[in-house]
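**Q**
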């Protein structure tokens, strides 16, 4: 508490009563989920979100905490809508429905707790520990990625610890996880306004590794999100300088090792918007279903019943591994011709695949719910990208709040941009390293805001 007294801040009484989770517990959970998403496995990282929820409940019970009623209502409402949609769908593909909470769980958890932060007494030391933990993780993963490239001379082998079992293989989804996770953490570490151990080597190895890995659309999305958030909304010239150096260094690494990147990106962009693109064909097909099927319009096909990662995995289309309980969802079977077109064209890029997370949420959640989620997501970005610094605040507090809010805006904008191409909303190994940091940051912002309000009230009184 002395960290706030030295700045004239006094936390609100609701953070002092029982019923609040200790801020340190969020850091412990962060350590836990980072371990889970770092294990060289094809499936263990899908348990990151369930373990996070269980850890929250466990620590909350130990400290007599109660999760926000708004969070509980949102979760129950989503479960009711999903169950209703499944029941009205008729024939249910069971395995895809069971997999859905594991694939979408990480996104829903970090989105919900970023939008409706936990009332957590999280002090400066806990928030600092979380960023330092992210720095160590970024350094280690970047170091592993660089060694993977040096030993194999294969860009497709650069996938960090989660891709160790595919060390000499062709491009894998693990490479996609790695690229997003590293890029999502770079601004959090590089722009942190206080001292960090191993910050420079962490950023350096992370940038080199992700440049070597040919992250493609994730790199382009990172540059665009960085320009928008840190290049336009930053209150500090030092932050603008740092972010510019990072973007230029990453562009230089990519340009040196893959000089044809720009021309290749332009060719893929043309294929993405082509009338014959599988993605365009999928959007057209779903639009026709919205116009002709009231249930699909209002509630979607139901969790795991159309074009999500759960559906594609549970049916065997995405994994190509046949299991006894795999089943093709009814609506997915009607668009297999689009997958045939994709296969016939021999397209190997995610850009050409007939799915992405935005298609997924609209097809399985319905137009109303999916639109609501997307609007809330955009509002979350806009809220944190604007008005982040007030000169009336103590200097250190103002700097920290600006940093916290701008990282939240960057992370969610980055996630939306890459999800225009791939199923990123459903990739726990990719989104958890930065996503859980947004949970901690959102809670820290709420705590600081409450403290500032109380301090202002006391001063006015």
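Residue numbers (the numbering used here): 5 to 465. Just so it is clear, CB atoms sit at the ideal spot from N, CA and C, and this is done for glycine as well.
(1) Using DSSP bridges, identify the partner residues of residue 296.
(2) Our contact map puts residue 367 next to residue 305 with C-beta atoms below 8 Å; I'd like the distance itself, whole angstroms only.
(3) Suppose you measure from the CA of residue 416 to the CA of residue 303; what does that come to, to the nearest Å?
(4) Output the distance between the C-alpha atoms of residue 225 and residue 29, rounded to the nearest integer angstrom.
(5) Taking the beta carbon of residue 22 as the centre, do at least 16 other beta carbons fall within 10 Å, making it buried, or is it exposed?
(6) Helix, strand or coil: how does DSSP classify residue 376 here?
(7) Runs of 4 residues minimum, wholly inside the stretch 173 to 222: which ones carry the alpha helix (DSSP H) assignment?
(8) Starting from residue 344, trace the alpha helix (DSSP H) both ways and give me its first and last residue.
(9) Please report the straight-line C-alpha distance between residue 315 and residue 322, rounded to a whole angstrom.
(10) Based on DSSP bridge pairs, tell me the residues matched to residue 26.
(11) Could you pull out every residue in the same chain whose Cβ sits closer than 8 Å to the Cβ of residue 422, ignoring the five residues on either side in sequence?
(12) Do you know offhand how far residue 363's Cα is from residue 311's?
(13) Nearest-angstrom Cα distance between residue 95 and residue 333?
(14) Please report the straight-line C-alpha distance between residue 313 and residue 104, rounded to a whole angstrom.
(15) Quick one: using the 10 Å Cβ neighbour count with 16 as the cut-off for buried, is residue 114 buried or exposed?
(16) In whole angstroms, what separates the C-alpha of residue 212 from that of residue 435?
(17) Is residue 123 near the ligand NAD - that is, is its Cβ less than 8 Å away from at least one heavy atom of it?
(18) Measuring alpha carbon to alpha carbon, tell me which of 132, 137 and 27 ends up nearest residue 437.
(19) Compare the C-alpha of residue 27 against each of 216, 383, 76 and 131 and name the closest.
(20) For the alpha helix (DSSP H) that residue 75 lies in, which residues bound it at each end?
(21) What distance in whole Å lies between the Cβ atoms of residue 118 and residue 412, which are believed to be in contact at a cut-off of 8 Å?
(22) Considering only the beta carbon of each residue, do residue 111 and residue 439 sit closer than 9 Å?
(23) Which one of 154, 328, 158 and 178 has the shortest CA to CA distance from residue 165?
(24) What is the DSSP secondary structure of residue 152, reduced to helix, strand or coil?
(25) Let me know the secondary structure DSSP gives residue 329 once reduced to three states.
(26) On the DSSP letters alone, give me the boundaries of the alpha helix (DSSP H) that residue 366 sits inside.
(27) On the DSSP letters alone, give me the boundaries of the alpha helix (DSSP H) that residue 337 sits inside.
(28) Using only CA atoms, which one of 197, 300, 285 and 382 lies nearest to residue 405?
(29) What's the gap between the Cα of residue 319 and the Cα of residue 51?
(30) State the CB to CB distance for the pair residue 445 and residue 229, rounded to an integer number of angstroms; the pair is presumed to be in contact (CB under 8 Å).
(31) Around the Cβ of residue 300, are there at least 16 other Cβ atoms within 10 angstroms (buried) or fewer (exposed)?
(32) So the alpha helix (DSSP H) residue 108 belongs to, where does it begin and stop?
(33) How about residue 256 and residue 216: do their beta carbons lie closer than 9 Å?
(34) Starting from residue 163, follow the alpha helix (DSSP H) in both directions and report where the run begins and ends.
(35) Tell me which same chain residues have a C-beta within less than 8 Å of the C-beta of residue 78, skipping the five on either side of it?
**A** This is what the structure holds:
(1) Counting from 1 along the chain shown, the entry for residue 296 is found at position 292. Beta-bridge pairing links residue 296 to no other residue.
(2) Against the chain shown, residue 367 aligns to sequence position 363. Against the chain shown, residue 305 aligns to sequence position 301. Correct: roughly 6 Å between the Cβ atoms.
(3) Here residue 416 is taken as the residue at index 412 of the chain shown, counted from 1. Here residue 303 is taken as the residue at index 299 of the chain shown, counted from 1. Going by the C-alpha atoms only, they are around 25 Å apart.
(4) Reading the chain shown from its first residue, position 221 is the one you call residue 225. Reading the chain shown from its first residue, position 25 is the one you call residue 29. Cα-Cα distance, rounded: 32 Å.
(5) Walking along the chain shown from the start, residue 22 turns up at place 18. Caution is warranted here: a pLDDT of 39 is assigned to residue 22, below 50, making its placement in the model unreliable, and no coordinate value can be reported.
(6) For the purposes of this step, residue 376 is taken as the residue at position 372 of the chain shown. Residue state, collapsed to three classes: helix.
(7) 177 to 194 and 203 to 216
(8) As a working mapping, residue 344 is identified with position 340 in the chain shown. Run containing residue 344: 340 to 349, per the alpha helix (DSSP H) assignment.
(9) Here residue 315 refers to the residue found at position 311 of the chain shown. Here residue 322 refers to the residue found at position 318 of the chain shown. Roughly 9 Å between the two C-alpha positions.
(10) The count along the chain shown starts at 1 and reaches residue 26 at position 22. The partner list for residue 26 (beta bridge, DSSP) reads 125.
(11) For the purposes of this step, residue 422 is identified with residue 418 of the chain shown, where counting begins at 1. The residues are 184, 221, 222, 225 and 428.
(12) On the chain shown, residue 363 is found 359 positions in, with the first residue counted as 1. On the chain shown, residue 311 is found 307 positions in, with the first residue counted as 1. Answer to the nearest angstrom: the Cα atoms are 7 Å apart.
(13) By one-based count along the chain shown, residue 95 stands at place 91. By one-based count along the chain shown, residue 333 stands at place 329. Their Cα atoms are separated by approximately 8 Å.
(14) Taking the first residue of the chain shown as position 1, residue 313 is located at position 309. Taking the first residue of the chain shown as position 1, residue 104 is located at position 100. Distance between the alpha carbons of residue 313 and residue 104 is about 8 Å.
(15) For the purposes of this step, residue 114 is taken as residue 110 along the chain shown, with counting starting at 1. Burial call: buried.
(16) The residue given as residue 212 occupies position 208 in the chain shown. The residue given as residue 435 occupies position 431 in the chain shown. Roughly 20 Å separates the two Cα atoms.
(17) This structure simply doesn't include the ligand NAD, nor any ligand for that matter.
(18) Within the chain shown, the letter at position 433 stands for residue 437. Among 132, 137 and 27, the Cα nearest to that of residue 437 belongs to 137.
(19) Here residue 27 is taken as the residue at index 23 of the chain shown, counted from 1. Cα-wise, what sits closest to residue 27 is 131.
(20) The count along the chain shown starts at 1 and reaches residue 75 at position 71. First-last of the alpha helix (DSSP H) with residue 75: 73 to 93.
(21) Within the chain shown, numbered from 1, the residue matching residue 412 stands at position 408. Within the chain shown, numbered from 1, the residue matching residue 118 stands at position 114. Rounded, the Cβ-Cβ distance is 6 Å, consistent with contact.
(22) Walking along the chain shown from the start, residue 111 turns up at place 107. Walking along the chain shown from the start, residue 439 turns up at place 435. Closer than 9 Å, so yes.
(23) Taking the first residue of the chain shown as 1, we reach residue 165 at position 161. The shortest CA-to-CA distance from residue 165 to any of 154, 328, 158 and 178 is the one to 178.
(24) One-based indexing of the chain shown puts residue 152 at position 148. Reduced to three states, the DSSP call for residue 152 is helix.
(25) Your numbering for residue 329 matches position 325 in the chain shown. Correct three-state label for residue 329: coil.
(26) Start at 1 with the first residue of the chain shown, and residue 366 comes out as number 362. Residue 366 -> alpha helix (DSSP H) spans 361 to 369.
(27) For the purposes of this step, residue 337 is taken as residue 333 along the chain shown, with counting starting at 1. Start and end: 334 to 337.
(28) Taking the chain shown and counting its residues from 1, the one referred to as residue 405 is at position 401. For residue 405, the nearest C-alpha among the options comes from 197.
(29) As a working note, residue 319 is residue 315 in the chain shown. As a working note, residue 51 is residue 47 in the chain shown. Taking the straight line from one Cα to the other gives about 20 Å.
(30) Working through the chain shown from its first residue, we reach residue 445 at position 441. Working through the chain shown from its first residue, we reach residue 229 at position 225. Actually they are not in contact, since the Cβ atoms of residue 445 and residue 229 sit about 16 Å apart, beyond 8 Å.
(31) For the purposes of this step, residue 300 is taken as the residue at position 296 of the chain shown. When all chains shown are included, residue 300 counts as buried.
(32) To locate residue 108, count along the chain shown from 1; it is residue 104. Residues 98 to 119.
(33) Locating residue 256 in the chain shown gives position 252, where the first residue counts as 1. Locating residue 216 in the chain shown gives position 212, where the first residue counts as 1. Not a contact, by the Cβ cut-off of 9 Å.
(34) As a working note, residue 163 is residue 159 in the chain shown. Taken as a continuous stretch (DSSP letters only), residue 163 belongs to no alpha helix (DSSP H), as it is neither H nor E.
(35) In the chain shown, counting from the first residue as 1, residue 78 sits at position 74. Closer than 8 Å at Cβ, skipping near neighbours: 116 and 120.
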